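In terms of the working numbering, the sequence shown opens at residue 170 and continues consecutively. The beta carbon of each residue, even a glycine, is placed where N, CA and C say it ideally should be. For clarity, every value in this text was computed on a predicted model and none was experimentally measured. Okay, structure first, notes after.
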Amino acid sequence: MVELIECVPNFSEGVNSEIIDEISSRVKDIPGVRVLGIEPDPDYNRTVLTFAGDSESVFEGACEVMRASSELIDMREHHGEHPRIGAVDVCPFIPLGESSMEVCVDLAERLAVFVGDVLHLPAYLYGNSAKKAEHKLLSKIRKGEYESLEERFKSKSEFIPDFGPCEWNENVSRFGATVIGAREILIAYNVNIDEQDARVAKSIGSLVRSSGRLIRNQDQSMRTKGLLEMVQGMGVTLEKHRISQVSMNLRNYNITGLHHAFATCQSLANEHETEVLGSEIVGLVPLAAMIDAGKWFFGSENGSESEYVEAAIKGLNLSYLENFDPKVRIIEWAIRNE
Numbered sequence: 170m171v172e173l174i175e176c177v178p179n180f181s182e183g184v185n186s187e188i189i190d191e192i193s194s195r196v197k198d199i200p201g202v203r204v205l206g207i208e209p210d211p212d213y214n215r216t217v218l219t220f221a222g223d224s225e226s227v228f229e230g231a232c233e234v235m236r237a238s239s240e241l242i243d244m245r246e247h248h249g250e251h252p253r254i255g256a257v258d259v260c261p262f263i264p265l266g267e268s269s270m271e272v273c274v275d276l277a278e279r280l281a282v283f284v285g286d287v288l289h290l291p292a293y294l295y296g297n298s299a300k301k302a303e304h305k306l307l308s309k310i311r312k313g314e315y316e317s318l319e320e321r322f323k324s325k326s327e328f329i330p331d332f333g334p335c336e337w338n339e340n341v342s343r344f345g346a347t348v349i350g351a352r353e354i355l356i357a358y359n360v361n362i363d364e365q366d367a368r369v370a371k372s373i374g375s376l377v378r379s380s381g382r383l384i385r386n387q388d389q390s391m392r393t394k395g396l397l398e399m400v401q402g403m404g405v406t407l408e409k410h411r412i413s414q415v416s417m418n419l420r421n422y423n424i425t426g427l428h429h430a431f432a433t434c435q436s437l438a439n440e441h442e443t444e445v446l447g448s449e450i451v452g453l454v455p456l457a458a459m460i461d462a463g464k465w466f467f468g469s470e471n472g473s474e475s476e477y478v479e480a481a482i483k484g485l486n487l488s489y490l491e492n493f494d495p496k497v498r499i500i501e502w503a504i505r506n507e
């Protein structure tokens, strides 16, 4: 069995190409690591870096991302549309092929120890690596974002770091905190809405996400269930493109696929008398997810793999913002072509 681990750090710089290139190049220089994608987003002021390899090479790459980001990114100056808690907002390890989740859990904890003991910075564990039930979901750890950390550390709340300092000093104020974990493949998927202020996108995000929305009546509140299972969602503005997005994490594409999320957002947008302007996948996507979506748009079970992929690209309009190249964006094809 060939061990193959994917790592997808999201670091908080999407504008300065010199910083993005420096962080990425440190990973590229590590033997045994294949960089599969570098995707900066200036509106989010965030870059998604995807690389894969054997466990030790990937671990070394993740350490370099943490070290370089701590040197090059100053969170005191950071502004962007996407929620974030630190210079490396989140860093998941994902098993590919026949690799085990246990290996990824071990890598996540080792990286958290490195961040805490070597870099002397705060680290949380989430997902399958979570040490506490309340740390299972990234969204709960990240609530309040970077700006809430100083008060969080002072109050010693339940959301104190698992590793590293729980104090607000010069280094911590510069870096913030990081969230590290092991998880199955998820798809970061955004649906474009033809509006600039994100009013409709935020409404759709609250309707589709599994956690639903909170309804208040004076001192009372109740939560209504969302439309889609295993989905996180919110609405954001993309000022550069003069549109908004329903930004989603599809946590299990076998339960809620790309086409399901797209069609639901499209239907809700129509009810708000606005249009969907295509969509985008952030990072890489499993071939199976593209084939499932392709079958929906192709309308037949008799197509080939490439026909299904092409149908998915067109049906989801994945090239609306920038060209979607399946050779480098589909995990299995990117690894094969590396």
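Taking 8 angstroms as the threshold (C-beta atoms), are G426 and A458 in contact?
Here residue 458 refers to the residue found at position 289 of the sequence shown. Here residue 426 refers to the residue found at position 257 of the sequence shown. Yes, Cβ-Cβ distance for A458 and G426 is below 8 angstroms.
According to the Cβ coordinates, are V400 and S375 closer than 8 angstroms?
For the purposes of this step, residue 400 is taken as the residue at position 231 of the sequence shown. For the purposes of this step, residue 375 is taken as the residue at position 206 of the sequence shown. Result no, Cβ atoms of V400 and S375 do not sit closer than 8 angstroms.
Residue nearest to A351 in terms of C-alpha spacing, selected from L396, S269, N386, L456:
Position 182 of the sequence shown, counted from the first residue, corresponds to residue 351. Here the closest residue by C-alpha is S269.
Those residues which DSSP pairs with M391 across a bridge:
Position 222 of the sequence shown holds residue 391. Partner(s): I384.
Might you give, ordered along the chain, the residues of its own chain that have their beta carbon closer than 7 angstroms to the beta carbon of A367, omitting 5 neighbours on each side?
The count along the sequence shown starts at 1 and reaches residue 367 at position 198. Hits under 7 angstroms: G404, V405, T406, S413.
If we count Cβ pairs, one from each stretch, closer than 8 angstroms, do we get three or more for the segment 388-397 versus the segment 322-339?
No: the two stretches stay apart, fewer than three of their Cβ pairs being nearer than 8 angstroms.
Residues near M170 by beta carbon distance below 7 angstroms, same chain, minus five either side
Within the sequence shown, numbered from 1, the residue matching residue 170 stands at position 1. Below a pLDDT of 50, predicted positions are generally treated as unreliable, and M170, at 46, falls in that range; the measurement from the model is reported next regardless. So the list reads E267, once near-sequence residues are dropped.
Going straight from the alpha carbon of D275 to that of Q389, what length do you get?
To locate residue 275, count along the sequence shown from 1; it is residue 106. To locate residue 389, count along the sequence shown from 1; it is residue 220. Whole-angstrom Cα-Cα distance: 43 angstroms.
Figure out for me which residue from I499, N214, K301, I460 has the closest Cα to the Cα of E474.
In the sequence shown, counting from the first residue as 1, residue 474 sits at position 305. Taking the Cα of E474 as reference, the smallest distance to any Cα among I499, N214, K301, I460 is reached at I460.
So, at 6 angstroms on beta carbons, what are the nonlocal neighbours of V369 in its own chain, with the 5 sequence-adjacent residues on each side left out?
Stepping through the sequence shown from its first residue, residue 369 is reached at position 200. Result list for V369: I362, H441, T443, in chain order.
Coil, strand or helix - R203 by DSSP
Translated into the one-based positions of the sequence shown, residue 203 becomes position 34. Of the three classes helix, strand and coil, the one that applies to R203 here is strand, per DSSP.
Under 6 angstroms Cβ to Cβ from C273, same chain only, skipping five residues before and after it: list those, please.
The residue labelled residue 273 in the question sits at position 104 within the sequence shown. Hits under 6 angstroms: F262, P264, A351.
Anyone know if the C-beta pair for I349 and L280 falls short of 8 angstroms?
Position 180 of the sequence shown holds residue 349. Position 111 of the sequence shown holds residue 280. Closer than 8 angstroms, so yes.
Could you tell me how far apart the beta carbons of A346 and Y293 are, in whole angstroms, since I believe they sit closer than 8 angstroms?
In the sequence shown, the residue the question calls residue 346 occupies position 177. In the sequence shown, the residue the question calls residue 293 occupies position 124. Their Cβ separation, rounded to whole angstroms, is 6 angstroms, which keeps A346 and Y293 in contact under 8 angstroms.
Considering Cα atoms alone, identify which of D210, L307, L290, R215 is closest to N297.
The residue given as residue 297 occupies position 128 in the sequence shown. The residue with the shortest Cα to Cα distance from N297 is L307.
Counting along the chain, where does the beta strand (DSSP E) carrying L419 start and finish?
Start at 1 with the first residue of the sequence shown, and residue 419 comes out as number 250. Here the beta strand (DSSP E) through L419 covers 412-419.
Residues sharing a beta bridge with C176, DSSP:
Numbered from 1 along the sequence shown, position 7 holds the residue referred to as residue 176. Residue pairing by DSSP places C176 opposite F220, F262 in a beta bridge.
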